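Numbering (our numbering), first residue to last: 2 to 92.
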Amino acid sequence: MDISRQMLAERLVRVITRDHIGGRRSDLNSLTEQMQAPRAEVRSVLSALHREGYLDVLRMRLTLAGFALGCSLLDLPVHAIARPGRRSIAA
2 MDISRQMLAE RLVRVITRDH IGGRRSDLNS LTEQMQAPRA EVRSVLSALH REGYLDVLRM
62 RLTLAGFALG CSLLDLPVHA IARPGRRSIA A
């Protein structure tokens, strides 16, 4: 990915993360408008994010890795999803 495509990918992940946190769904049309980029370029970058495992393009939802990346790009904390370790019980 060249630098402009990488920058577009970062911006797309940020926008999709913000939409997810706000309870909104992203679609190709709204992303194209927000990015002010050619539709083909946005679609190509979304496909690349899908191939790399950051986005489920069929559902237009970030994967866990994509959401974590988006939170880091927004400087938001990523909350733990695992339970804290169990303490051993002495018998």
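All C-beta atoms in this analysis are idealised placements derived from N, C-alpha and C, irrespective of residue type, glycine included. All of these numbers come straight from a predicted model, not from anything done at the bench.
In this structure the region 63–77 does not lie against the region 33–45, because fewer than three pairs of beta carbons, one per stretch, are closer than 8 angstroms.
Inter-residue distance for Asn30 and Leu75 is about 23 angstroms (C-alpha atoms, whole angstroms).
Taken in chain order, the unbroken stretches of alpha helix (DSSP H) that lie wholly in the region 39–73 and span 4 residues or more are 40–52. Taking the C-beta atoms as reference points, Thr18 is found nearer than 9 angstroms to Leu63. Glu42 places its beta carbon less than 9 angstroms from that of Leu9.
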